[in-house]
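This report concerns only the one structure given below.
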Amino acid sequence: MKNQKLWGGRFKSSSLSEVDQFNASVEFDQKLWPHDIAGSMAHAKMLAKQKIISQKEAKNIVQGLQTISKKIESGKFSWDLSKEDVHLNIESILTQLIGSAGEKLHTARSRNDQVATDLRLYCREKVKLLLQGLVWLQQAFAETAKKNVETLLPGYTHLQRAQPISLAHHLLAYFEMLQRDFSRLSDSLDRINVLPLGAGALAGTTFPIDRTFVAKELQFHDAAANSLDAVSDRDFVIELLADLSLIMMHLSRFAEEWILWSTHEFGFIQLPEQFCTGSSMMPQKMNPDILELIRGKTGRVYGSLVSLLTIMKGLPLTYNKDMQEDKEPLFDAVETVLASLQILAPMIRQTKFNAENMKKALSAGFVLATDVADYLVTRGIPFRQAHHIVGKMVSYCHKKGIELKELKMDELKKFDQAFEKSIYHWLDEQHAVDRRKSLGGTARSNVNQAVTQAKKIISKNQQLIAKLK
Ligand code: ARG
Numbered sequence: 004m005k006n007q008k009l010w011g012g013r014f015k016s017s018s019l020s021e022v023d024q025f026n027a028s029v030e031f032d033q034k035l036w037p038h039d040i041a042g043s044m045a046h047a048k049m050l051a052k053q054k055i056i057s058q059k060e061a062k063n064i065v066q067g068l069q070t071i072s073k074k075i076e077s078g079k080f081s082w083d084l085s086k087e088d089v090h091l092n093i094e095s096i097l098t099q100l101i102g103s104a105g106e107k108l109h110t111a112r113s114r115n116d117q118v119a120t121d122l123r124l125y126c127r128e129k130v131k132l133l134l135q136g137l138v139w140l141q142q143a144f145a146e147t148a149k150k151n152v153e154t155l156l157p158g159y160t161h162l163q164r165a166q167p168i169s170l171a172h173h174l175l176a177y178f179e180m181l182q183r184d185f186s187r188l189s190d191s192l193d194r195i196n197v198l199p200l201g202a203g204a205l206a207g208t209t210f211p212i213d214r215t216f217v218a219k220e221l222q223f224h225d226a227a228a229n230s231l232d233a234v235s236d237r238d239f240v241i242e243l244l245a246d247l248s249l250i251m252m253h254l255s256r257f258a259e260e261w262i263l264w265s266t267h268e269f270g271f272i273q274l275p276e277q278f279c280t281g282s283s284m285m286p287q288k289m290n291p292d293i294l295e296l297i298r299g300k301t302g303r304v305y306g307s308l309v310s311l312l313t314i315m316k317g318l319p320l321t322y323n324k325d326m327q328e329d330k331e332p333l334f335d336a337v338e339t340v341l342a343s344l345q346i347l348a349p350m351i352r353q354t355k356f357n358a359e360n361m362k363k364a365l366s367a368g369f370v371l372a373t374d375v376a377d378y379l380v381t382r383g384i385p386f387r388q389a390h391h392i393v394g395k396m397v398s399y400c401h402k403k404g405i406e407l408k409e410l411k412m413d414e415l416k417k418f419d420q421a422f423e424k425s426i427y428h429w430l431d432e433q434h435a436v437d438r439r440k441s442l443g444g445t446a447r448s449n450v451n452q453a454v455t456q457a458k459k460i461i462s463k464n465q466q467l468i469a470k471l472k
């Protein structure tokens with residue numbers, strides 16, 4: 004029986020359906036169709052410009068591709084598994100639709116440079132959406148911070164109460180992380196925006212193609228300089244997955260904190276009901292499922308990164324079919340991160356902060372011990388000695404079941420003569436916060452500036468996104 008595959012010329016027998024099934028990628032790579040069509044249109048225009056095909060043929064191809072595009076959009080296109088992948092599905096329908104001009108589209112092109120091009124276009128489109136998602140989340144953090152400059156809570160190290168901080172300062176820490184995520188993603192566009200098309204299967208082509216023209220058509224900065232590299236690397240996918248993993252690492256830390264904060268044990272926040280779920284058995288439950296899922300999905304995104312690193316490890320140049328396995332992890336990670344970014348912004352905005360409980364948490368745990376040591380330093384005692392003295396005071400208070408601020412003047416004097424009434428001013432949480440005026444510290448004056456700065460950064464980010472294709 005004659006082999007019906009587009010590549011079937013040298014094959015005598017027809018393929019086994021199990022093999023078709025195993026080999027095919029169309030079930031998942033059909034997601035690439037808008038990019039595949041955009042790439043094909045640019046390629047056809049270039050072929051005509053270079054007189055490799057006629058203008059009329061190019062016009063037919065472009066029109067045919069437009070028709071296919073509409074059909075796919077309306078959900079009426081039926082993907083054929085025996086046609087293997089998105090590229091061959093579209094090409095074969097095009098030929099059915101417009102006849103022999105369709106068969107010329109693949110001149111000077113291979114699926115190897117085609118798929119690499121599609122994938123770069125996909126990444127570019129998604130990076131733009133991811134950048135937008137990051138800014139939305141930054142906005143939620145910045146707005147919430149603005150309302151909470153004077154809400155105080157303990158900052159933690161080792162999950163032990165450490166020093167008082169402003170809640171806004173805490174929220175803006177996440178703003179900073181997201182800003183680095185933003186800058187990493189926007190930088191990655193420099194490397195994504197390089198055109199593989201025209202590399203052919205691996206070595207270039209004998210036709211007089213114009214790759215610079217195609218690069219311009221598809222709004223890439225450049226055409227890849229080496230045909231072997233162009234078809235065989237997926238470092239841009241790995242880079243994107245690494246960037247996504249870092250985003251999720253940040254989100255998972257945030258999720259974990261808010262899961263803790265929402266417990267009865269902490270009682271710092273009340274999550275909006277709509278972002279929680281109940282238990283099928285325990286009627287009292289309101290569980291922080293969304294945050295737990297963010298934490299869990301982080302593992303899934305890391306998995307994608309590790310998959311791609313492992314798939315690409317040790318692959319000889321140039322294209323190998325292993326590389327078809329790049330798509331599912333990439334698509335899955337992109338969709339997971341987009342969904343995670345989108346769900347968190349409204350949740351943050353609707354969360355209620357329990358300032359009373361945060362304050363209560365400040366009243367135990369000796370969070371002002373460093374301040375007492377700093378006070379002694381201002382009175383001429385070397386820090387190491389001051390640290391030791393306050394250590395003794397803490398142990399004394401611990402035994403007595405009191406806090407540092409409850410110590411009477413005569414008790415204080417026993418620890419050091421340098422103590423005067425002014426110490427009680429230092430034993431106030433808001434003062435302690437405001438004294439931390441060092442660059443990047445939690446003082447109100449700093450945090451107010453940081454809130455203003457965050458607003459500026461957000462509008463700069465928005466401008467950058469608006470300029471992207
Ligand atoms: N479906 C393939 C992939 O995603 C397209 C490239 C196939 N090239 C080939 N020579 N078999 O990698």
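Just so you know, the numbering used here puts 302 at position 299 of the sequence shown, and the rest follows in order with no gaps. By construction, the Cβ of each residue, glycine as well, lies at the ideal position given by its N, Cα and C atoms. Quick caveat: nothing in here was measured; it's all calculated off a predicted structure.
inquiry  = For a test of the three-state rule: what should DSSP assign to VAL197, helix, strand or coil?
reply    = When DSSP states are grouped into helix, strand and coil, VAL197 belongs to the strand group.
message = Classify GLU21: buried if its beta carbon has 16 or more other beta carbons within 10 angstroms, exposed otherwise.
response = By the Cβ neighbour-count rule, GLU21 is exposed, with fewer than 16 other Cβ atoms within 10 Å of its own.
key: Nearest-angstrom Cβ-Cβ length linking PHE356 and ASN229, presumed shorter than 8 Å   = Between PHE356 and ASN229, the beta carbon gap of about 55 Å keeps them out of contact (Cβ cut-off 8 Å).
ask   = Does the distance from the CB of ALA145 to the CB of PHE178 come in under 8 Å?
value = Yes; because the gap between Cβ atoms is below 8 Å, this pair is in contact.
key: Top-ranked residue by Cα proximity to ILE93, from SER113, SER43, ILE168   = Answer by Cα proximity: SER43.
task = Give every residue of the same chain whose Cβ lies closer than 8 Å to the Cβ of LEU134, excluding the five residues on either side of it in the sequence, and list them in chain order.
result = Counting only Cβ-Cβ distances below 8 Å, and skipping sequence neighbours, we find PHE185, LEU188, SER189, ASN464, LEU467, ILE468, LEU471.
message = Given 7 Å as the limit, tell me if ARG114 has its C-beta closer than that to any heavy atom belonging to ligand 1.
response = True, at least one ligand heavy atom lies under 7 Å from that Cβ.
inquiry  = What does DSSP give as the partner residue(s) for PHE356 in the beta ladder?
reply    = PHE356 is bridged to ILE272.
inquiry  = Using C-beta distances below 8 Å, list every residue in its chain close to LYS459, excluding the 5 sequence neighbours before and after it, in chain order.
reply    = Its chain contains no residue whose beta carbon lies nearer than 8 Å to that of LYS459 once the 5 sequence neighbours on both sides are disregarded.
message = I need the DSSP call for GLN166, collapsed to helix, strand or coil.
response = DSSP, read as helix, strand or coil, puts GLN166 in strand.
task = For the beta strand (DSSP E) containing PRO157, list its first residue and its last residue.
result = In the DSSP assignment, PRO157 falls within the unbroken beta strand (DSSP E) covering 155-160.
message = Buried or exposed for TRP261, going by 16 or more other Cβ atoms inside 10 Å?
response = TRP261 comes out buried.
request  = State the Cα-Cα distance for the pair VAL304 and THR339, rounded to the nearest angstrom.
outcome  = Put simply, the backbone Cα of VAL304 is about 7 Å away from that of THR339.
key: Residue nearest to ARG127 in terms of C-alpha spacing, selected from HIS38, ASP116, LYS74, GLN353   = Checking every option, the nearest Cα to that of ARG127 belongs to HIS38.
message = Taking the alpha-carbon of GLU87 as reference, which of LYS131, LYS416, ARG194, GLN33 has the nearest alpha-carbon?
response = When C-alpha distances from GLU87 are compared across LYS131, LYS416, ARG194, GLN33, the shortest belongs to GLN33.
message = Please determine whether the Cβ atom of SER3 lies at a distance below 7 Å from any heavy atom of ligand 1.
response = Residue 3 is absent from the model: the chain starts at 4 and stops at 472.
request  = Have a look at GLY317 and GLN388 and give me their C-alpha separation to the nearest angstrom.
outcome  = Cα to Cα, the separation comes out at about 58 Å.
request  = Give the secondary structure of ALA202 by DSSP, where H, G and I count as helix, E and B as strand, and everything else as coil.
outcome  = The answer is coil: DSSP assigns ALA202 none of H, G, I, E or B.
inquiry  = Is it buried or exposed, HIS253, if we count other Cβ atoms within 10 angstroms and call 16 or more buried?
reply    = It counts as buried.
ask   = If we call anything under 8 Å between Cβ atoms a contact, is GLN143 one with LEU175?
value = The sequence given here places Ala at residue 143; Gln does not occur at that position. No; because the gap between Cβ atoms is not below 8 Å, this pair is not in contact.
request  = Kindly indicate the opening and closing residues of the alpha helix (DSSP H) around THR215.
outcome  = Per DSSP, THR215 is one residue of the alpha helix (DSSP H) stretching across 214-220.
task = With a threshold of 16 other CB atoms inside 10 Å of the CB of ASP329, please say whether the residue is buried or exposed.
result = Flag for ASP329 reads buried.
message = Whole angstroms are fine: how far does the CA of GLN182 sit from the CA of CYS400?
response = Going from the Cα of CYS400 to the Cα of GLN182 covers about 43 Å.
key: Collapsed DSSP secondary structure at THR321 in the structure displayed   = Of the three classes helix, strand and coil, the one that applies to THR321 here is coil, per DSSP.
task = Let me know the secondary structure DSSP gives ALA226 once reduced to three states.
result = Correct three-state label for ALA226: strand.
key: Check whether VAL3 and THR445 have beta carbons under 8 Å apart   = Here the chain has residues from 4 to 472 only, and residue 3 is not among them.
ask   = What residue ranges within the region 374-414 form continuous alpha helix (DSSP H) runs of no fewer than 4 residues, ordered along the chain?
value = As far as the region 374-414 is concerned, its whole alpha helix (DSSP H) runs of at least 4 residues are 386-403.
message = Any heavy atom of ligand 1 inside 7 Å of the beta-carbon of TYR322?
response = Within the cutoff, so yes.
task = Hey, could you find the ends of the alpha helix (DSSP H) LYS8 is sitting in?
result = According to the DSSP assignment, LYS8 belongs to no alpha helix (DSSP H), since it is labelled neither H nor E.
message = Could you check whether the Cβ of HIS109 sits closer than 7 Å to any heavy atom belonging to ligand 1?
response = Flag unset: Cβ of HIS109 not near ligand 1.
task = Leaving aside the five residues before and after LYS5 along the sequence, list all residues of the same chain whose C-beta is less than 6 Å from its C-beta, in chain order.
result = Bear in mind that a pLDDT of 46 at LYS5, under 50, signals an unreliable position, so the number given afterwards is only what the model happens to contain. Correct list: empty, nothing qualifies.
inquiry  = Just to confirm my understanding: we take PHE278, look at its own chain, exclude 5 residues before and 5 after, and list those with CB closer than 6 Å. What are they?
reply    = For PHE278, the CB contacts under 6 Å within the same chain, skipping 5 residues up- and downstream, are ILE293, MET350 in chain order.
message = Within the continuous alpha helix (DSSP H) that includes ASP246, where are the two ends?
response = Boundaries of the alpha helix (DSSP H) harbouring ASP246: 238-264, taken from the DSSP string.
request  = Ignoring anything shorter than 3 residues or poking outside the region 105-137, list the beta strand (DSSP E) runs there in chain order.
outcome  = Taken in chain order, the region 105-137 contains no complete beta strand (DSSP E) segment of 3 residues or longer.
ask   = For MET326, is the beta carbon positioned less than 7 Å from some heavy atom of ligand 1?
value = Checking the Cβ of MET326 against ligand 1 gives yes.
ask   = Does the distance from the C-beta atom of ILE426 to that of VAL380 stay below 8 Å?
value = No, these two residues do not count as a Cβ contact at 8 Å.
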